[in-house]
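Here is the structure we will look at, set down as structure tokens.
2 protein chains.
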Amino acid sequence: MSQRTVFFISDGTGITAETFGNAILAQFEFKPRHVRLPFIDSVDKAHQAIRQINHAAEVEGKRPIVFTTLVNMEILAVIKTHCNGMLLDMFGMFVAPLESELGIKSNHRVGRFSDASKSKEYDDRIEAINFSLAHDDGQSNKDLAGSDVILVGVSRSGKTPTSLYLAMQYGLKASNYPLIPEDFERRQLPPALVPHRKKIFGLTIAPERLSQIRNERRPHSTYASLANCRHEIHEAEAMMRREGIRWLSTTTKSIEEISTTILQEIRPERLEY
Amino acid sequence: MSQRTVFFISDGTGITAETFGNAILAQFEFKPRHVRLPFIDSVDKAHQAIRQINHAAEVEGKRPIVFTTLVNMEILAVIKTHCNGMLLDMFGMFVAPLESELGIKSNHRVGRFSDASKSKEYDDRIEAINFSLAHDDGQSNKDLAGSDVILVGVSRSGKTPTSLYLAMQYGLKASNYPLIPEDFERRQLPPALVPHRKKIFGLTIAPERLSQIRNERRPHSTYASLANCRHEIHEAEAMMRREGIRWLSTTTKSIEEISTTILQEIRPERLEY
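Residue numbers (our numbering), protein chains in the order written: chain A, 400 to 672; chain B, 400 to 672.
So this is what it looks like as structure tokens:
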């Protein structure tokens with residue numbers, strides 16, 4: 400199959416256009432070339448975008464797919480009139496019906512954060528990222544009480560990327576705390592965690608997958624051996640069962656899926672919005 | 400204005416539904432209650448969702464707004480038939496026109512990562528997150544050459560959250576390296592950075608905003624004082640100008656905006672996809 404290009408056009412970052420467009424494209428066995436055209440916020444830039452799109456149309460002999468989240472109607476009109484692509488106007492499709500449903504006009508504002516430095520929601524996200532970094536891998540017991548959630552699990556079970564995702568996407572203060580062989584010998588939760596049991600969520604993983612991941616870091620080590628991974632996982636799961644900790648297996652799950660599941664289970668009050 | 404609820408329904412995580420729905424809702428001066436209903440992957444769960452939606456409709460006396468990215472047609476049909484909400488079917492709107500444009504059928508697959516452990520793209524993202532964490536704040540000079548981008552700037556100019564976002568969203572190996580008073584005295588780039596000049600991108604920030612951010616961490620310190628922030632920013636900008644480093648001001652920008660701009664400037668080859 401010959402090449403075909405997909406464009407993502409936005410007056411802002413284009414992240415919404417790309418997230419949504421990629422989700423739609425994942426429905427098709429189809430590997431197009433992707434071109435991101437963010438910050439198209441003037442008629443001049445719209446014409447530059449049109450030149451790129453029409454050039455691709457000519458070279459490829461097929462009209463490009465163009466996802467847009469443009470909110471500026473003048474710029475959108477220019478693109479609609481001149482571009483030889485298949486235009487999928489993602490906002491146009493939904494904004495008009497919502498205007499009539501809600502009985503209010505849309506404000507055609509670009510992006511969620513018009514001035515990030517003045518947004519409380521934005522500040523909270525940055526604070527959550529800093530918090531999660533400071534409380535990565537049991538680095539600090541200080542202020543564990545301030546966590547919205549504390550992830551526990553053996554080394555390389557997925558705690559760190561999940562904590563960071565929870566912070567970045569949801570502004571959640573997510574700490575994480577490793578379960579280590581000493582904890583298994585004592586057959587007890589790490590003492591620092593005991594007062595915060597209600598906020599704890601466990602991650603586990605199939606020993607085979609864990610061994611594979613650990614081997615990438617420390618090849619042929621005892622740490623990475625399948626026997627050791629089996630032992631640690633067995634002990635960690637036994638501990639979580641004994642302590643009544645909710646947990647899930649990360650083996651085949653993405654950080655998005657893990658985070659969404661945790662959020663459903665934990666339902667932190669400050670995220671009711 | 401009385402309460403009104405917005406639901407986000409998905410067979411997967413619902414992150415696409417929520418990202419896109421929130422972008423649409425940001426077009427309206429309207430503060431609804433948000434309810435996330437992920438993993439609606441059976442007719443049974445669809446009926447539970449319908450009960451929640453219809454309950455909200457009754458209590459609030461207004462039909463809820465329902466964003467869905469359901470790809471399972473049977474489940475979508477159940478919701479369409481029984482729910483008393485305003486259904487905004489985000490996939491239905493675009494998948495059918497794309498099927499006829501591309502001449503292929505959609506596969507109704509849930510999510511981008513059906514089994515994360517088998518996806519190269521997913522592995523690359525996790526590796527990038529680990530890389531960025533290991534190379535945060537000049538922690539390691541090892542393998543700086545492996546970076547796609549190296550962010551430089553004074554302490555608290557936004558380097559860390561931006562690196563993590565670049566890694567998480569785009570799978571970019573983003574290091575960051577602080578510019579400190581010693582560098583300004585020597586009037587030279589940190590020596591570790593010199594071989595990698597082409598990958599460097601600078602972040603700066605208005606001294607007033609920097610002083611405010613630093614004061615939250617270390618109140619009344621010299622470090623946070625406006626005079627010191629002015630001095631550091633003046634020196635950092637002079638150095639970046641002298642060294643021919645591209646840079647931007649993060650003062651009013653979100654990490655999404657900063658990251659998108661960097662990506663436009665750096666255009667790493669491995670991100671051509």
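Every residue, glycine too, gets a C-beta built ideally from N, C-alpha and C.
Just mark residue i as buried or exposed, buried being the case when its beta carbon has 16 or more other beta carbons within 10 Å.
i, result
"K504(B)", "exposed"
"D443(A)", "exposed"
"A635(B)", "buried"
"Q402(B)", "exposed"
"H673(A)", "Here chain A has residues from 400 to 672 only, and residue 673(A) is not among them."
"K652(A)", "buried"
"T673(B)", "Not covered by the structure: residue 673(B). The range shown for chain B is 400 to 672."
"P496(B)", "exposed"
"Q715(A)", "No information on residue 715(A) is available, as it lies outside the stretch 400 to 672 that chain A covers here."
"M567(B)", "buried"
"D542(B)", "exposed"
"K597(B)", "exposed"
"S562(A)", "buried"
"T415(A)", "buried"
"V477(B)", "buried"
"T659(B)", "buried"
"G552(B)", "buried"
"K572(B)", "buried"
Could you work out which residues of chain A lie near residue i, taking near to mean beta carbons separated by less than 7 Å?
i, result
"A515(B)", "T651, K652 and S653"
"V394(B)", "Given that chain B is displayed from residue 400 to residue 672, the structure contains no residue 394(B) and the question cannot be resolved."
At a CB-CB cut-off below 7 Å, which residues of chain B make contact with residue i?
i, result
"A495(A)", "Those within 7 Å of A495(A) in chain B number zero; the least Cβ separation is about 11 Å."
"I525(A)", "P560"
"G413(A)", "T659"
"E664(A)", "Chain B residues near E664(A): none, gap ~12 Å exceeds 7 Å."
"E656(A)", "T412"
"F407(A)", "In chain order: nothing, as chain B lies at least about 11 Å away."
Whole-angstrom Cβ separation of residue i and residue j, contact assumed at under 8 Å?
i, j, result
"P590(A)", "Y576(A)", "No, P590(A) and Y576(A) are not in contact; Cβ-Cβ is about 11 Å, not under 8 Å."
"V353(B)", "F490(B)", "A query on residue 353(B) cannot be resolved here, the shown segment of chain B reaching from 400 to 672 and no further."
"T649(B)", "L532(A)", "About 18 Å separates the two Cβ atoms, so there is no contact after all."
"F583(A)", "E664(A)", "About 24 Å separates the two Cβ atoms, so there is no contact after all."
"R435(A)", "V470(A)", "17 Å between Cβ atoms; not a contact."
"L697(B)", "L602(B)", "The structure shown has nothing for residue 697(B), since chain B only spans 400 to 672."
"T412(A)", "E656(B)", "6 Å"
"I464(A)", "L487(A)", "7 Å"
Could you work out which residues of chain B lie near residue i, taking near to mean beta carbons separated by less than 8 Å?
i, result
"Y622(A)", "Correct list: empty, because the minimum Cβ distance to chain B is about 16 Å."
"E428(A)", "I503 and N506"
"E520(A)", "Those within 8 Å of E520(A) in chain B number zero; the least Cβ separation is about 10 Å."
Can you find a heavy atom of the ligand PLP that lies under 7 Å from the Cβ of residue i?
i, result
"Q538(B)", "As for the ligand PLP, it is missing from this structure, which has no ligand bound."
Could you tell me whether the Cβ of residue i comes closer than 8 Å to any Cβ of chain D?
i, result
"A422(A)", "Any reference to chain D falls outside this structure, whose protein chains are A and B."
Run down chain A in chain order and give the residues with a C-beta less than 9 Å from the C-beta of residue i.
i, result
"F404(B)", "One detail in the question is off: residue 404(B) reads as Thr in this sequence, not Phe. Ordered by position in chain A, no residue passes the 9 Å Cβ test against T404(B), which lies about 12 Å from the chain."
Give me the chain A residues within the contact set of residue i, using Cβ-Cβ distance strictly less than 8 Å, ordered along the chain.
i, result
"T467(B)", "Per Cβ cutoff of 8 Å: no residues; T467(B) is ~12 Å from chain A at best."
Ignoring anything shorter than 3 residues, give me the beta strand (DSSP E) runs that lie fully in the stretch 432-496 of chain A, in order along the chain. List check, beta strand (DSSP E) in window: 432-436, 464-467 and 485-488.
Contact list for the stretch 528-549 of chain A against chain B, Cβ threshold 9 Å: Cβ contacts with chain B: I528, N529, L532 and D535.
For the stretch 558-584 of chain A, which residues have a CB atom closer than 8 Å to at least one CB atom of chain B, in sequence order? Those residues of the stretch 558-584 of chain A that come within reach of chain B (Cβ to Cβ, closer than 8 Å) are T559, P560, L563, Y564, M567 and Q568.
Could you please tell me which residues of the stretch 436-462 of chain B, in chain order, have their CB closer than 7 Å to any CB of chain A? The residues in question are P437.
Uninterrupted alpha helix (DSSP H) stretches inside the stretch 505-567 of chain B (no shorter than 4 residues): Counting only runs that start and end inside the stretch 505-567 of chain B, the alpha helix (DSSP H) elements of at least 4 residues fall at 519-533.
Relative to chain B, which residues along the stretch 479-507 of chain A have a C-beta separation below 9 Å, given in chain order? Those would be M485, L487, M489, F490, M492, F493, V494, P496, L497, E498, E500, L501, I503, K504, S505, N506 and H507, in chain order.
Quick one: which residues of the stretch 594-622 of chain B get their C-beta closer than 8 Å to a C-beta of chain A? List them in chain order. Along the stretch 594-622 of chain B, the positions whose C-beta sits under 8 Å from a C-beta of chain A are R608, read in chain order.
Which full runs of the alpha helix (DSSP H) of 4+ residues lie inside the stretch 564-605 of chain A, going along the chain? Runs of alpha helix (DSSP H) with 4 or more residues, each lying fully within the stretch 564-605 of chain A, are found at 580-585, listed in chain order.
Going along the chain, which unbroken runs of the beta strand (DSSP E) with 3 or more residues stay wholly within the stretch 402-437 of chain B? Unbroken beta strand (DSSP E) runs of no fewer than 3 residues, entirely contained in the stretch 402-437 of chain B, are found at 404-408 and 432-436, following chain order.
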